[in-house]
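Have a look at the structure below before the remarks.
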Amino acid sequence: MTTLSQTLASDALTSGRLPRFTAPVAVVASILVGVAIAILAADGNLAVAALFGFALYLVVMEVAARVVEGARQASDRRASTLISGAFILALLPLGSVAWEAISKGIARFDLNFFTMSMRNVVGAGGGAAHAIYGTLYVTGLASLMSIPVGLLTAIYLSEYGRGTRLARSITFFVDVMTGIPSIVAGLFAYALMGLLIGPGFKSGFSGSIALSVLMIPVVVRSSEEILRLVPNELREASYALGVPKWLTIVRIVIPTAISGLISGIILSIARVIGETAPLLIAAGFTASLNNNPFDNPMMTLPVFVYDSYARPGIDVQAYLDRAWAGALTLILIVMLLNLIGRLIARRFAPKTGR
Amino acid sequence: MSQKLTRESDVASGQPEPTPPPARPDPKRPGETIFRGFAVGAGIAILAILAAVAAFLLIQGSPALLADPAELATHGYGEFVEWVLPYVFGTVWAAVLALAMAVPVAIGIALFISHYAPRRLAQPLGYIIDLLAAVPSVVFGLWGSNVLATGVQPLFTWLNANLGFIPLFSGQVSGTGRTILTAAIVLATMVLPIITSLCREVFLQTPKLHEEAALALGATRWEMVKMAVLPFARPGIIAAVMLGLGRALGETMAVTMVLSGGRNITFQVLTSENPNSIAAQIAQNFPEAFGLKTSQLIAAGLVLFLITLAVNMIARWIVARRAAYSGAN
Numbered sequence: 002m003t004t005l006s007q008t009l010a011s012d013a014l015t016s017g018r019l020p021r022f023t024a025p026v027a028v029v030a031s032i033l034v035g036v037a038i039a040i041l042a043a044d045g046n047l048a049v050a051a052l053f054g055f056a057l058y059l060v061v062m063e064v065a066a067r068v069v070e071g072a073r074q075a076s077d078r079r080a081s082t083l084i085s086g087a088f089i090l091a092l093l094p095l096g097s098v099a100w101e102a103i104s105k106g107i108a109r110f111d112l113n114f115f116t117m118s119m120r121n122v123v124g125a126g127g128g129a130a131h132a133i134y135g136t137l138y139v140t141g142l143a144s145l146m147s148i149p150v151g152l153l154t155a156i157y158l159s160e161y162g163r164g165t166r167l168a169r170s171i172t173f174f175v176d177v178m179t180g181i182p183s184i185v186a187g188l189f190a191y192a193l194m195g196l197l198i199g200p201g202f203k204s205g206f207s208g209s210i211a212l213s214v215l216m217i218p219v220v221v222r223s224s225e226e227i228l229r230l231v232p233n234e235l236r237e238a239s240y241a242l243g244v245p246k247w248l249t250i251v252r253i254v255i256p257t258a259i260s261g262l263i264s265g266i267i268l269s270i271a272r273v274i275g276e277t278a279p280l281l282i283a284a285g286f287t288a289s290l291n292n293n294p295f296d297n298p299m300m301t302l303p304v305f306v307y308d309s310y311a312r313p314g315i316d317v318q319a320y321l322d323r324a325w326a327g328a329l330t331l332i333l334i335v336m337l338l339n340l341i342g343r344l345i346a347r348r349f350a351p352k353t354g355r
Numbered sequence: 009m010s011q012k013l014t015r016e017s018d019v020a021s022g023q024p025e026p027t028p029p030p031a032r033p034d035p036k037r038p039g040e041t042i043f044r045g046f047a048v049g050a051g052i053a054i055l056a057i058l059a060a061v062a063a064f065l066l067i068q069g070s071p072a073l074l075a076d077p078a079e080l081a082t083h084g085y086g087e088f089v090e091w092v093l094p095y096v097f098g099t100v101w102a103a104v105l106a107l108a109m110a111v112p113v114a115i116g117i118a119l120f121i122s123h124y125a126p127r128r129l130a131q132p133l134g135y136i137i138d139l140l141a142a143v144p145s146v147v148f149g150l151w152g153s154n155v156l157a158t159g160v161q162p163l164f165t166w167l168n169a170n171l172g173f174i175p176l177f178s179g180q181v182s183g184t185g186r187t188i189l190t191a192a193i194v195l196a197t198m199v200l201p202i203i204t205s206l207c208r209e210v211f212l213q214t215p216k217l218h219e220e221a222a223l224a225l226g227a228t229r230w231e232m233v234k235m236a237v238l239p240f241a242r243p244g245i246i247a248a249v250m251l252g253l254g255r256a257l258g259e260t261m262a263v264t265m266v267l268s269g270g271r272n273i274t275f276q277v278l279t280s281e282n283p284n285s286i287a288a289q290i291a292q293n294f295p296e297a298f299g300l301k302t303s304q305l306i307a308a309g310l311v312l313f314l315i316t317l318a319v320n321m322i323a324r325w326i327v328a329r330r331a332a333y334s335g336a337n
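Protein sequence lines correspond, in order, to chains A and B. Just add 1 to the spot in the first sequence (first one is 1) and you have our numbering. Just add 8 to the spot in the second sequence (first one is 1) and you have our numbering.
Structure, rendered in structure tokens:
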């Protein structure tokens, strides 16, 4: 607090303020100068323009604010600029990924891509139908395993085990489990199947085991948070009517929280549907449609993208086009799932506090 | 008192703690016993799964760990520790580079959303950053190797030419731009939303009175952030960084698709001689591996698992300790 009183004693409160239009004018001027520099010195490179414009704005505002408003206001403005700049900086990769995926993916984003597999396809043509089927099988099986385990654990944590040592350790290890590297989950599924069935066994089911390891903690965390939002009065009212605890949970708590639970589950599916590394290890590669998740390798969409990129055949561009089309499909699926999840969460928000 | 950051919501809303459950299930109600049994069983199953992950990796990786070095040299990739150490270095180095770039930006974004952006915009802006987390890693890998690498190559050449006296930027600059720095930029983008969302949560928990007191004393917004928000959030920031580190260490596709790394231990970030990460090494070699090589890769996975486990446990421990402390506020 000493620094504050010292600085207060100086010029801060008595100094003037820059006119309100200073910042917008400085922004526009900096951008123009940045673009000019870029055109003159770097062939109109937009990155150079942005960099110079930003640096110029920082310097100009620093000088102007320091002269008119004093050092404290100047550092405040500098911090605001840098903080807003950080946000804009984060939008760049997002915008770039979206733009590249759309512009490069659209080339093969056609009917064939969704109806044909890569069986006997060399070079152009073919599609990712086998991979899309595989993704549906693998993610579906993973959901079948993860959702009951995750939900029941969340119920235990929020309804039965509050404050017990077991609940505390489960919470801790669920959190630790969210940090398991995805490739380790894949190795686990591979190692498990290697012991149970035989070395080198790869199947869609192994892939879904790997995904379950990644998905369960996400389901637990989101469900538990939602269950805790259910007002306690509802539980107590139910107990008062003589309803046993488990029926209270099944008939009162879960229906109250159902929208949040569903949205959490959808978001957790979105989280694992784009996983590549574990499926690369556990589910393997194939060029053909495999409708049996319990035997033989099964292609999935993320692995398809990786495979098309990493081992292209002759006519590299055809493989790259397919990879981008696959990436676009994946982004669309994940975004759609995210959107649905958030809409459900907002539209049917838990009826709390009445 | 609850242990997790996110748990504090129910404390904040003034909700009473739930009544303790009946001590013993009624024997006349088998439904109760069964349902409770399932719930407890699911919880224990999770602990079992985590133990199983370690156990199965150990079982399947043990042939490589126990094998004679000479045998590993002929049928595997070489003596285990000597083989894995460069990849451990690559893993840690890539993650450190990524965090060095991601942490300042993430703290900035979190501050922007929590204290700078108009309140009505805060939530949509948060969603936009969360979208980054939704992009599948393979898409980031594709983007990093096809778009970013060529985009940053001129910058790398410039850095090498003008700042080459710094050891970091020295050496023969890569012509493709596919260096560990590119991989680290992609990694940074991927861990950004995680660090941001955790920091944002902590920043929002700063006691309103502290902020208002600072402002009332005449502090500017940045001074308020420096004096009230950041000191309060420091343990939370550290935990967020650790969690980001855990993610960066284990992330596979960014490094796999951007780098064609080898077993180089070098701090030069612009050359085409790059270290590889454990995860990338596994992903690149696993499909072709067999026998002892598979075991060796699984054992490398075990090493990665133990590293990330340690990092995550430390992070969670910090979070838990902090939550218990801040509950008094």
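Ideal Cβ placement from N, Cα and C applies to all residues, glycine included. Being a predicted model, the structure only gives us computed values, none of them experimental.
Q) In whole angstroms, what separates the C-alpha of A143/A from that of L257/B? A) As a first step, residue 143/A must be located in the first sequence, where it is residue number 142. As a first step, residue 257/B must be located in the second sequence, where it is residue number 249. A143/A and L257/B: Cα-Cα distance of roughly 25 Å.
Q. In chain order, what residues of the same chain lie with their CB nearer than 7 Å to the CB of V36/A, ignoring the 5 residues before and after it?
A. To locate residue 36/A, count along the first sequence from 1; it is residue 35. Closer than 7 Å at the Cβ level, and outside the excluded window around V36/A, lie A50.
Q) Between P294/A and F206/A, is the Cβ-Cβ spacing less than 7 Å? A) Taking the first residue of the first sequence as position 1, residue 294/A is located at position 293. Taking the first residue of the first sequence as position 1, residue 206/A is located at position 205. Cβ distance < 7 Å, so P294/A and F206/A count as in contact.
Q. At which residues does the alpha helix (DSSP H) containing S289/A begin and terminate?
A. Here residue 289/A corresponds to residue number 288 of the first sequence, with the count starting at 1. No alpha helix (DSSP H) contains S289/A, which DSSP labels as neither H nor E.
Q. Does DSSP classify R271/B as helix, strand or coil?
A. Residue 271/B sits at position 263 when you count from the first residue of the second sequence. Under the three-state reduction of DSSP, R271/B is assigned to strand.
**Q.** Residues of the stretch 168-181 of chain A with Cβ closer than 9 Å to any Cβ of chain B, in chain order
**A.** A168, R169, S170, I171, T172, F173, F174, V175, D176, V177, M178, T179, G180 and I181
Q | Under 7 Å (Cβ pairs) to chain A, residues found in the stretch 299-320 of chain B | A | So the close ones are I306, G309, L312, F313, T316, L317 and N320.
Q) Hey, quick one: how far does the alpha helix (DSSP H) through M146/A stretch, first residue to last? A) Translated into positions along the first sequence, residue 146/A becomes position 145. Taken as a continuous stretch (DSSP letters only), the alpha helix (DSSP H) holding M146/A covers A130 to I156.
Q | Cβ contact check for the stretch 172-183 of chain A and the stretch 218-229 of chain A: 3 or more pairs under 8 Å | A | yes
**Q.** chain B residues whose Cβ lies nearer than 7 Å to that of F202/A
**A.** Here residue 202/A is taken as the residue at index 201 of the first sequence, counted from 1. Here the premise fails: no neighbours, minimum Cβ distance about 12 Å.
Q: Could you list which residues in chain A have their beta carbon closer than 8 Å to that of F240/B, in chain order?
A: The residue given as residue 240/B occupies position 232 in the second sequence. What F240/B touches in chain A: nothing, since even the nearest Cβ is about 15 Å away.
**Q.** A125/A to G162/A span [Cα, whole Å]
**A.** The residue labelled residue 125/A in the question sits at position 124 within the first sequence. The residue labelled residue 162/A in the question sits at position 161 within the first sequence. Their backbone Cα atoms lie some 57 Å apart in a straight line.
Q. Between which two residues does the alpha helix (DSSP H) containing Q161/B stretch?
A. Sequence index remark: in the second sequence, residue 161/B carries index 153 (1-based). Q161/B -> alpha helix (DSSP H) spans A157 to N170.
**Q.** Assigned secondary structure, T82/A (DSSP; H/G/I helix, E/B strand, else coil)
**A.** What you label residue 82/A is simply residue 81 of the first sequence in a count that begins at 1. T82/A falls in the helix class under three-state DSSP.
Q) According to the Cβ coordinates, are A288/B and T264/B closer than 7 Å? A) By one-based count along the second sequence, residue 288/B stands at place 280. By one-based count along the second sequence, residue 264/B stands at place 256. Judged by beta-carbon spacing, T264/B lies within the 7 Å limit of A288/B, meaning their Cβ atoms are closer than that value.
Q) Using the rule of at least 16 other Cβ atoms within 10 Å of the residue's Cβ for burial, across every protein chain shown, is T197/B buried or exposed? A) For this step, residue 197/B is matched to residue 189 along the second sequence. Looking at its Cβ environment, which holds 16 or more other Cβ atoms inside 10 Å, T197/B is buried.
**Q.** Selection from E226/A, L112/A, I198/A and I103/A that minimises the alpha carbon distance to S159/A
**A.** Translated into positions along the first sequence, residue 159/A becomes position 158. Among E226/A, L112/A, I198/A and I103/A, the Cα nearest to that of S159/A belongs to E226/A.
Q: Go ahead and pull the three-state DSSP assignment for V319/B.
A: Taking the first residue of the second sequence as 1, we reach residue 319/B at position 311. Helix.
Q: Measure how close the beta-carbons of L341/B and S182/B come, nearest whole angstrom, since I'm counting them as under 8 Å.
A: Missing from the structure shown is residue 341/B; chain B here goes from 9 to 337 and no further.
**Q.** DSSP-derived helix/strand/coil call for V181/B
**A.** Along the second sequence, one-based indexing puts residue 181/B at 173. If DSSP states are grouped into helix, strand and coil, V181/B belongs with the strands.
Q.
Rounded to whole angstroms, what is the Cα-Cα separation between C207/B and R242/B?
A. As a working note, residue 207/B is residue 199 in the second sequence. As a working note, residue 242/B is residue 234 in the second sequence. If you take the alpha carbons of C207/B and R242/B, they lie about 9 Å apart.
Q. How is the alpha helix (DSSP H) around Y310/A delimited, first residue to last?
A. For this step, residue 310/A is matched to residue 309 along the first sequence. L302 to A311 is the span of the alpha helix (DSSP H), which, as asked, contains Y310/A.
Q | Closer than 7 Å to chain A by CB, I117/B | A | Indexing the second sequence from 1 puts residue 117/B at position 109. Taking Cβ atoms only, chain A reaches closer than 7 Å to I117/B, which makes this a yes.
Q. Are the C-beta atoms of F88/A and some chain B residue less than 7 Å apart?
A. Here residue 88/A is taken as the residue at index 87 of the first sequence, counted from 1. Yes - at least one Cβ of chain B is within 7 Å of the one on F88/A.
(Q) For K105/A and D322/A, I'd like the C-alpha separation in whole angstroms. (A) If you number the first sequence from 1, residue 105/A lands on position 104. If you number the first sequence from 1, residue 322/A lands on position 321. Answer to the nearest angstrom: the Cα atoms are 7 Å apart.
Q. Going by Cα to Cα distance, which pick from L225/B, G149/B and V160/B is closest to T184/B?
A. By one-based count along the second sequence, residue 184/B stands at place 176. Residue V160/B is the option with its Cα nearest to T184/B.
Q) What residues from chain B crowd round I217/A, counting only those whose CB sits closer than 8 Å? A) Along the first sequence, read from residue 1 onward, the residue named residue 217/A stands at position 216. Simply I54 and I57.
Q) How long is the line joining the alpha carbons of R32/A and F55/A, rounded to whole angstroms? A) If you number the first sequence from 1, residue 32/A lands on position 31. If you number the first sequence from 1, residue 55/A lands on position 54. Sequence inspection shows Ile at residue 32/A; the Arg mentioned does not correspond to that position. Distance between the alpha carbons of I32/A and F55/A: 8 Å.
Q) Which class does T165/A belong to by DSSP, given the choice of helix, strand or coil? A) Position 164 of the first sequence, counting from 1, holds the residue named residue 165/A. Three-state result, T165/A: coil.
Q. CA-CA distance, I54/B and G128/A?
A. Within the second sequence, the letter at position 46 stands for residue 54/B. Within the first sequence, the letter at position 127 stands for residue 128/A. Answer to the nearest angstrom: the Cα atoms are 38 Å apart.
Q.
I need the DSSP call for P182/A, collapsed to helix, strand or coil.
A. Translated into positions along the first sequence, residue 182/A becomes position 181. Coil, per DSSP.
**Q.** Selection of the stretch 61-81 of chain A by Cβ proximity to chain B, strictly under 9 Å
**A.** Within the stretch 61-81 of chain A, the qualifying residues are R73, Q74, S76, D77, R78, R79, A80 and S81.
Q) Do we get a CB-CB distance below 7 Å when we pair F55/A with the residues of chain B? A) Counting from one through the first sequence, the residue named residue 55/A turns up at place 54. False, the Cβ-Cβ gap to chain B never drops below 7 Å.
Q. Going along the chain, which residues of its own chain have a beta-carbon closer than 8 Å to the beta-carbon of L58/B, five neighbours each way excluded?
A. As a working mapping, residue 58/B is identified with position 50 in the second sequence. Around L58/B: no qualifying Cβ.
(Q) What does DSSP give as the partner residue(s) for P283/B in the beta ladder? (A) In the second sequence, residue 283/B corresponds to position 275, counting from 1. BP columns for P283/B point to G270/B and R271/B.
Q | Nearest neighbour of R312/A, chosen from P295/B, V319/B, R127/B and F164/B [CA to CA] | A | Locating residue 312/A in the first sequence gives position 311, where the first residue counts as 1. Ranking P295/B, V319/B, R127/B and F164/B by Cα distance to R312/A puts P295/B first.
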